[in-house]
Amino acid sequence: MRNAIFGNEQFDRHPTLYQSFWQNVLLQAIYDANRLTDKNVTKRNYAKQAIVWLWFRSEDHDVVCSNAELNPSQIRKSSRKWLEETYDSKDLEKVLDPYLFKCGR
262 MRNAIFGNEQ FDRHPTLYQS FWQNVLLQAI YDANRLTDKN VTKRNYAKQA IVWLWFRSED
322 HDVVCSNAEL NPSQIRKSSR KWLEETYDSK DLEKVLDPYL FKCGR
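Residue numbers (the numbering used here): 262 to 366.
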């Protein structure tokens, strides 16, 4: 899962403690996004929030990626690919459509 998201990004090249912290923030979002089918409703809700955060451009996402010394656009692109491979398109639509409607996209 991690390699699917980070691909060729230089994720493991002796990051500073600061970079490691932000890389772990990103990894937690990926871990959370992987729990959409969990029996626990709280974990499913965290998964939905993480999927939206990974899918759409946001200042928070860009800051986390930049602080982790990762390219936000590449991480978003890789995240979308991983999510599309992980979940049925109908399940993703259920998560993403309310956000699209709310934002008028």
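Just so it is clear, CB atoms sit at the ideal spot from N, CA and C, and this is done for glycine as well.
Fair warning: this is a prediction, and the values are worked out from it, not measured in the lab.
For Thr347, three-class secondary structure by DSSP: Helix.
Beta carbon of Tyr360 nearer than 8 Å to that of Val313: yes
For a quick check, are the C-beta atoms of Leu357 and Trp316 less than 8 Å apart? yes
Would the segment 274 to 285 count as touching the segment 299 to 309 if we require 3 or more Cβ pairs under 8 Å? no
Exposure of Ser340, with buried meaning 16 or more beta-carbon neighbours within 10 Å: buried
Taking 7 Å as the cut-off, is the C-beta of Arg341 nearer than that to any heavy atom in the ligand COA? Absent from the structure shown: the ligand COA. Ligands present: none.
Expressed to the nearest angstrom, what Euclidean distance is found between the alpha-carbon atoms of Tyr348 and His275? 32 Å
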